[in-house]
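Only one structure is covered here, and it is reproduced in the block below.
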Amino acid sequence: GAVVSQHPSWVICKSGTSVKIECRSLDFQATTMFWYRQFPKQSLMLMATSNEGSKATYEQGVEKDKFLINHASLTLSTLTVTSAHPEDSSFYICSARVEAVNSPLHFGNGTRLTVT
Amino acid sequence: QKEVEQNSGPLSVPEGAIASLNCTYSDRGSQSFFWYRQYSGKSPELIMFIYSNGDKEDGRFTAQLNKASQYVSLLIRDSQPSDSATYLCAVRLTNAGKSTFGDGTTLTVKP
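So the protein sequences, as listed, match chains A and B. Here this note's numbering is used: the first residue of the first sequence is 1, the next is one more, and so on. Here this note's numbering is used: the first residue of the second sequence is 117, the next is one more, and so on.
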């Protein structure tokens with residue numbers, strides 16, 4: 001149980017274009033999902049907390065107008081990287097948890113974004 | 117001081133040995149503690165979680181938590197080459213809150 005599906009697995013786009021990444025909880029409902037970014041040989045960096053039916057909460061230093069998050073249902077959150085630039089190239093990973101005490105995060109397989 | 121600190125690696129152990137991974141955290145009110153394994157190029161996968169003082173065992177893995185010392189560890193017995201990965205410690209302050217990750221410790225198990 002507690003499967004998180006993320007799509008696409010990888011994407012290559014041209015500078016200036018936008019890319020949408022989907023994150024779905026397949027067998028549970030998630031009122032909260034988390035989006036992380038990871039650069040090579042670095043740890044996970046939390047970008048934002050996605051809240052179903054309300055605005056996302058962004059971490060300090062993360063541009064909310066550049067990284068648009070929509071959590072339209074209890075099983076789907078999307079991250080859109082707008083006007084992507086080469087420095088946005090990274091590994092983006094979503095995660096979600098079952099709404100239970102001390103339940104762990106479950107991660108999607110990640111999306112490797114390359115901006116040319 | 118980082119919120120979650122892990123012993124700097126890389127850590128190398130021979131096959132069959134015990135690998136010991138350590139993590140300290142700064143917020144004494146932290147409630148839940150997690151260990152994740154991340155293979156190169158992949159997303160993290162959960163190994164164990166613990167929230168009570170003491171030991172918790174699952175197969176070859178044992179998590180140890182000492183809230184008084186703000187310390188959590190992961191022991192891997194009978195290490196296998198397939199255990200070679202980066203191990204991430206994560207700490208959560210409240211049940212519904214965000215998780216804070218350490219920088220990870222890279223483990224190499226040599227055949």
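Built from N, CA and C at the ideal position, the CB exists for glycine as well.
DSSP three-state assignment for residue i, whether helix, strand or coil
i, result
"residue 130(B)", "strand"
"residue 174(B)", "strand"
"residue 50(A)", "strand"
"residue 198(B)", "helix"
"residue 22(A)", "strand"
"residue 121(B)", "strand"
"residue 99(A)", "coil"
"residue 161(B)", "strand"
N-terminal and C-terminal residue of the beta strand (DSSP E) that residue i is part of
i, result
"residue 204(B)", "201–208"
"residue 188(B)", "187–192"
"residue 79(A)", "76–81"
"residue 37(A)", "32–38"
"residue 152(B)", "148–154"
"residue 136(B)", "135–141"
"residue 144(B)", "It is not in any beta strand (DSSP E) - residue 144(B) carries neither H nor E in the DSSP assignment."
"residue 70(A)", "67–73"
"residue 217(B)", "215–217"
"residue 224(B)", "221–226"
"residue 6(A)", "4–7"
"residue 62(A)", "No beta strand (DSSP E) contains residue 62(A), which DSSP labels as neither H nor E."
"residue 113(A)", "111–115"
Contact list for residue i against chain A, beta-carbon separation under 7 angstroms
i, result
"residue 214(B)", "34, 46 and 49"
Beta-carbon neighbours of residue i, restricted to chain B and to distances below 9 angstroms
i, result
"residue 106(A)", "161 and 162"
"residue 12(A)", "Result: empty, since nearest Cβ-Cβ is about 16 angstroms, beyond 9 angstroms."
"residue 21(A)", "In chain order: nothing, as chain B lies at least about 13 angstroms away."
Listed by chain order, chain B residues near residue i by CB distance under 7 angstroms
i, result
"residue 61(A)", "The contacting residues do not exist; residue 61(A) stays about 15 angstroms from chain B at best."
Chain D contact for residue i (CB, 9 angstroms cutoff)
i, result
"residue 218(B)", "Included in the structure are the protein chains A and B, with no chain D among them."
Within chain B, partners of residue i - CB distance below 8 angstroms
i, result
"residue 43(A)", "204, 217, 218, 219 and 220"
"residue 110(A)", "158 and 159"
- Query: At a Cβ cut of 7 angstroms, what residues of the stretch 117–136 of chain B count as close to chain A, listed as they run along the chain?
  - Reply: none
- Message: Tell me which residues of the stretch 136–148 of chain B have at least one Cβ-Cβ distance to chain A shorter than 9 angstroms, keeping chain order.
- Response: 147 and 148
- Query: Using 8 angstroms as the Cβ pair cut-off and three pairs as the minimum, do the stretch 186–203 of chain B and the stretch 117–131 of chain B touch?
  - Reply: yes
- Task: Compile a chain-ordered list of the residues in the stretch 63–82 of chain A whose CB is closer than 9 angstroms to at least one CB of chain B.
- Result: Within the stretch 63–82 of chain A, no residue qualifies.
- Message: Can you pull out the residues from the stretch 163–176 of chain B whose beta carbon lies closer than 7 angstroms to at least one beta carbon of chain A?
- Response: 165 and 167
- Counting Cβ pairs, one atom from each stretch, are 3 or more of them under 8 angstroms apart for the stretch 89–97 of chain A and the stretch 33–51 of chain A? yes
- Message: So, does the stretch 48–67 of chain A touch the stretch 147–167 of chain B, judging by three or more C-beta pairs under 8 angstroms?
- Response: no
- Message: Closer than 8 angstroms is the cut-off here; do at least three beta carbon pairs connect the stretch 178–198 of chain B with the stretch 64–82 of chain A?
- Response: no
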